[in-house]
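So the structure is just underneath, and the comments pick up after that.
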Amino acid sequence: MRIVLVGPPGAGKGTQAAYLAKNLTIPHISTGDLFRANISQGTPLGVEAKSYMDAGNLVPDSVTIGMAEDRMEQADAAEGFLLDGFPRNLAQAEALDAYLQGKGLKLDAVLDLEVPEDEVVKRIAGRRICRKDSSHVFHVTYNQPETEGVCDSCGGELYQREDDREDTVRKRLEVYHAETEPIIDFYRAQGLVATISALGKVAEVTERAMSALGSDA
Ligand code: AP5
1 MRIVLVGPPG AGKGTQAAYL AKNLTIPHIS TGDLFRANIS QGTPLGVEAK
51 SYMDAGNLVP DSVTIGMAED RMEQADAAEG FLLDGFPRNL AQAEALDAYL
101 QGKGLKLDAV LDLEVPEDEV VKRIAGRRIC RKDSSHVFHV TYNQPETEGV
151 CDSCGGELYQ REDDREDTVR KRLEVYHAET EPIIDFYRAQ GLVATISALG
201 KVAEVTERAM SALGSDA
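The UniProt record's numbering applies: residue 1 is where the sequence shown begins, and numbers increase by one.
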């Protein structure tokens, strides 16, 4: 399956993607994680992306689209993928359609995670991520690691993301409404969108997502 996950910052896209990718045996491709890996390795791409991310803005399409396409070219993505955080504006959605069309492929579904803004703020304020692998995500109240400050999966140190400061989160939400929400209508016109509530326990949301995708959890 080729799936796009969409939803505001803190909706739980990364958290759900980890379970969905495992259940569906497809790779989880997060452009945010790819940027963070580049930042921690100090690559030129990471240096460029960091200033945009820290300000809560989108990294330019000229950088992002090529990076996402390179990742989709890797062998593990040949049979499908779960895109998390890409596309994030109409130009990226159109580029993805053109990329897939060029290969005679198309998306199967766009899963839209709906969550009220006050819940988003609570989720982001308590989020802690792993320094070794930013796809390992925890929460100080809702999803606690076994040992405080230590990643259950790999033992890495847990920390708070730079862009999770309150003023940056407000900016990210603004950018989401202005630039990312329009892609939901773009995909709705293609009959691809399934909207589910992202409220409730992580496992309940996964179950809802799997049934919206027509698979059993
Ligand atoms: P990115 O990393 O994609 O961030 P985001 O979209 O803002 O999403 P988040 O990672 O903040 O949230 P999430 O929905 O994954 O929630 P999570 O599962 O962690 O992008 C970061 C930046 O990179 C962007 O601002 C931009 O600058 C740049 N970028 C990335 N892609 C780009 C692109 N395509 N184009 C241009 N720029 C791009 O969950 C949040 C918290 O809630 C966690 O603590 C979790 O434990 C907890 N939680 C999850 N589910 C539940 C639940 N059901 N109940 C209670 N708590 C829960």
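Yeah, the Cβ is synthetic: ideal placement off N, Cα and C, and Gly gets one too. All values reported here derive from a predicted model rather than from experimental measurement.
Check whether the Cβ of residue 213 lies closer than 7 Å to any heavy atom of ligand 1, and answer yes or no. no
Inspect the CB distances between the segment 7-23 and the segment 39-51 and report whether three or more fall short of 8 Å. no
In whole angstroms, what separates the C-alpha of residue 49 from that of residue 57? 10 Å
Limits of the unbroken beta strand (DSSP E) element including residue 129: 127-130
What do you reckon, are the CB atoms on residue 123 and residue 136 nearer than 8 Å? no
Nearest residue (CA-CA) to residue 79, options 149, 178 and 1: 1
Kindly list the residues whose CB is nearer than 7 Å to the CB of residue 195, restricted to its own chain and excluding five residues on each side of it in sequence; keep chain order. 112 and 114
Anticipated Cβ contact below 8 Å, residue 129 with residue 170, distance rounded: Their Cβ separation, rounded to whole angstroms, is 20 Å, which puts residue 129 and residue 170 out of contact at 8 Å.
Would residue 93 pass as a contact of residue 183 if the rule is Cβ separation under 8 Å? yes
Classify residue 189: buried if its beta carbon has 16 or more other beta carbons within 10 angstroms, exposed otherwise. exposed
Endpoints, beta strand (DSSP E) assigned at residue 138: 137-139
Going by CA-CA distance only, name the one from 86, 121 and 159 that's closest to residue 65. 86
Check for me: the alpha helix (DSSP H) holding residue 183 runs from which residue to which? 182-188
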